[in-house]
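Engineer: Listed in order, the protein sequences are those of chains A and B. Following this note's numbering, the numbering of the first sequence begins with 438 at its first residue and continues without gaps. Following this note's numbering, the numbering of the second sequence begins with 3 at its first residue and continues without gaps. Just so it is clear, CB atoms sit at the ideal spot from N, CA and C, and this is done for glycine as well. In this text the structure is predicted, and so the values were computed from the model without any measurement. Attaching a single structure in structure tokens format; questions to follow.
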Amino acid sequence: MKELSVNHLLGIKYINENDINLIFETADHFKEVINRPIKKVPSLRDITIANIFFENSTRTKLSFELAQKRLSADVINFAASSSSVTKGETLVDTVNNILSMKVDMVVMRHASPGAAVFLSKNVKASIVNAGDGAHEHPTQALLDAYTIREKLGDVSGKKVVIVGDILHSRVALSNIYSLQKLGAEVRVCGPKTLIPKYIEALGVKVEPNLRKALEWCDVANMLRVQNERLDISYFPSTREYAMQYGLDKKLLDSLNKEIVIMHPGPINRGVEITSDVADSKQSVILNQVENGVAIRMAVIYLLASKIK
Amino acid sequence: MSQKILLNHKEVSIILHRLACQLIENHLDFSNTILIGIQPRGTQLANRLKQILQEEYQIKNIALGFLDITFFRDDFRRGETLEANKTQIDFLVENKKVIFIDDVLYTGRSINAALSAIQSFGRPSEVELLVLIDRRFSRHLPIQPDYRGRQVDAINNEKVVVNWSETTGEDSVELITK
């Protein structure tokens, strides 16, 4: 039988194309499950999962929790702001304390890049990375690619442009890995200050002009301007960013083809995309959210099946 | 490894027609009845029975669905990773008579899982079980078929395999000894 090549989901970098396709096929089944009158299956009734969030999150946390509950896992939630972490406990100590309560899997978001990899080497549990600093956000990349596959039939051969703050974005890095592994061509677009200097080493071209990037692509993934991470001024003003890199209906309608618009959320309406674009029929933003639950169910199910 | 033919093409055909007649006896026009093929191996049998009922007994509008039980099985993490199949039930089973259809009844655990899984689609008024082969004496649970094609006495290292002409060229049932 097919199974994942890994015991943890630390990043897209560490999994292969077969793993991604297995996750997609499994997610197809779970998508059917979550559209049933009763949306729950009992597979993980003897698995306990801890959601440990050292950084704020709304939709990722909700989506993971919903996925776990739909699989009948027992779930404990932990937010760092209300915990002993503020008293100085280390990451390994915190997690080991949670694990001694017989937890099988840990879903973690952390501000430090590499936190999930570090944890997987130091504790005995299956680790799912729900975002580690500016490094990776694998489940977001999986659900993005899954949404493209659903909308366009296939990811292979498609042209995807990622627009915005590439420098601070874990979504961008994971997306580049996953889309390339599935055979898509990726370009990035954004202010020069927010494009990493050596990004082309990943096989990604930089297109500084938004109109040209949109005319080239089949799918545009509009990233959020992460004001909380912008410690210095990377562009003169939000207004100027919106004028150069914001997508509005006029620009979208002036293209000679229909492209698919994605956004990982939360949207700054009027900055990276305007409301009429976000709510247009070309936007798949809410499909991304729905697919997020199915993808996370698939990831958790496949990883849990390796816990013996 | 040895192989023995338990049922040949003609015997399978006779049994399928008998099972179809037994279903008609209890369900008449199938207006309140739903056939559910259990994935993966019950689907072919369910398709075949529907075909016989439609073409030879002119029963129209037979509701047929396929139920995958992978996520309801009780051996998750106790063996190899389980691969799911497609569930396709485009109707509610609320207050309907449901007939589960599977090729071989062995331990009864699949049917147990199917009984849980079908509840996701409503509360059936009644559930019956139809199997082509009933391996008696090997049940782990108190589950018995309502309609059976043939009873077979097989021990644990033996395997009963049902072949269908759609996939292997000819209908037959084989007993394989490892």
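Using a C-beta to C-beta distance shorter than 8 Å, which residues of chain A count as neighbours of A156/B?
Structural biologist: None at all; the shortest Cβ gap to chain A is about 24 Å.
Engineer: Would you check if the distance between the CB atom of I40/B and the CB atom of K52/B is smaller than 8 Å?
Structural biologist: No; because the gap between Cβ atoms is not below 8 Å, this pair is not in contact.
Engineer: In chain order, what residues of the same chain lie with their CB nearer than 7 Å to the CB of L18/B, ignoring the 5 residues before and after it?
Structural biologist: R50, L51 and I54
Engineer: Give me the Cβ distance between D173/B and H11/B, rounded to the nearest whole Å; I'm assuming they're in contact under 8 Å.
Structural biologist: 5 Å
Engineer: Would you please state the rounded distance, in angstroms, between the beta carbons of V736/A and T497/A? I believe it to be under 8 Å.
Structural biologist: Not a contact, Cβ separation roughly 12 Å.
Engineer: Is the Cβ of T463/A closer than 8 Å to any Cβ of chain B?
Structural biologist: yes
Engineer: What residue does the alpha helix (DSSP H) around R496/A start on, and which one ends it?
Structural biologist: R496 to R507
Engineer: Taking Cβ-Cβ distances shorter than 7 Å, what residues in chain B pair up with K745/A?
Structural biologist: R79
Engineer: Among residues of its own chain, excluding the 5 on either side of K468/A, which ones have a beta-carbon nearer than 6 Å to its beta-carbon?
Structural biologist: Taken in chain order, the residues that qualify are A731.
Engineer: List, in chain order, every chain A residue whose beta-carbon is nearer than 8 Å to that of Q121/B.
Structural biologist: I475
Engineer: So E644/A and C626/A are supposed to be a Cβ contact under 8 Å. How far apart are they, rounded?
Structural biologist: 5 Å
Engineer: Which two residues bound the contiguous beta strand (DSSP E) that contains N165/B?
Structural biologist: Boundaries of the beta strand (DSSP E) around N165/B: E160 to N165.
Engineer: Taking C-beta to C-beta, are V600/A and L616/A nearer than 8 Å?
Structural biologist: no
Engineer: For the 8 Å Cβ check, are there 3 or more pairs between the region 685 to 700 of chain A and the region 655 to 669 of chain A?
Structural biologist: Short answer: they touch.
Engineer: Taking 8 Å as the CB-CB cut-off, is A116/B touching chain A?
Structural biologist: no
Engineer: Relative to chain B, which residues along the region 478 to 504 of chain A have a C-beta separation below 7 Å, given in chain order?
Structural biologist: The region 478 to 504 of chain A vs chain B, Cβ under 7 Å: V478, P479 and S480.
Engineer: Please state whether DSSP places H11/B in a helix, a strand or coil.
Structural biologist: helix
Engineer: Would T531/A be called buried (16 or more neighbouring beta carbons within 10 Å of its own) or exposed?
Structural biologist: buried
Engineer: Under 8 Å, with one C-beta from each stretch per pair, do the region 143 to 153 of chain B and the region 68 to 84 of chain B reach the 3-pair mark?
Structural biologist: no
Engineer: How far does the alpha helix (DSSP H) with H466/A in it reach, from first residue to last?
Structural biologist: From DSSP, the alpha helix (DSSP H) with H466/A extends over E454 to V470.
Engineer: Is the CB of H445/A under 8 Å away from at least one CB in chain B?
Structural biologist: no
Engineer: Do you know how far the Cα of S118/B is from the Cα of E111/B?
Structural biologist: First, the residue type needs correcting, since residue 111/B is Arg and not Glu in the sequence shown. Near 11 Å, if we compare the C-alpha coordinates of S118/B and R111/B.
Engineer: CB-CB under 8 Å to K686/A, same chain, minus the five flanking residues each way: which ones, in chain order?
Structural biologist: T711, D713, V714 and S717
Engineer: Considering only the beta carbon of each residue, do L107/B and L21/B sit closer than 8 Å?
Structural biologist: no
Engineer: Quick one: what's got a C-beta closer than 6 Å to H584/A's C-beta in the same chain, skipping five residues either side?
Structural biologist: Here the sequence assigns Thr to residue 584/A, which means His is not the residue at that position. So the qualifying residues of the chain are V721, N724, Q725 and N728.
Engineer: Give me, in chain order, the residues of the same chain whose beta-carbon lies closer than 8 Å to that of G702/A; leave out the 5 immediate sequence neighbours on both sides.
Structural biologist: R496, R661, I722, Q725 and V726
Engineer: Just to confirm the assignment, what range does the beta strand (DSSP E) spanning F102/B have?
Structural biologist: From DSSP, the beta strand (DSSP E) with F102/B extends over K99 to L107.
Engineer: Grouping DSSP H, G and I as helix and E and B as strand, with all else coil, what is N114/B?
Structural biologist: helix
Engineer: Is there at least one Cβ from chain B nearer than 8 Å to K618/A's Cβ?
Structural biologist: no
Engineer: List, from N- to C-terminal side, the beta strand (DSSP E) runs of 3 residues or more that fit wholly inside the region 25 to 90 of chain B.
Structural biologist: DSSP runs (the beta strand (DSSP E)) wholly in the region 25 to 90 of chain B: 35 to 40 and 65 to 69.
Engineer: Between the beta-carbon of T463/A and the beta-carbon of K539/A, is there less than 8 Å?
Structural biologist: no
Engineer: So which residues on chain B does S742/A lean against when the C-beta distance must stay under 9 Å?
Structural biologist: F78, R79, E82, T83 and L84
Engineer: By Cβ distance below 7 Å, which residues in the same chain neighbour K476/A in space, the five residues on each side in sequence not counted?
Structural biologist: V470 and R507
Engineer: Pairs of beta-carbons, one from the region 595 to 614 of chain A and one from the region 666 to 685 of chain A, closer than 8 Å: are there three or more?
Structural biologist: yes
Engineer: Could you tell me which chain A residues have their CB closer than 8 Å to the CB of D173/B, listed as they occur along the chain?
Structural biologist: The premise fails here: D173/B is roughly 27 Å from chain A at the closest Cβ pair, so nothing lies under 8 Å.
Engineer: With respect to the alpha helix (DSSP H) encompassing L616/A, which residues constitute its N-terminal and C-terminal limits?
Structural biologist: R607 to K618 is the extent of the alpha helix (DSSP H) around L616/A.
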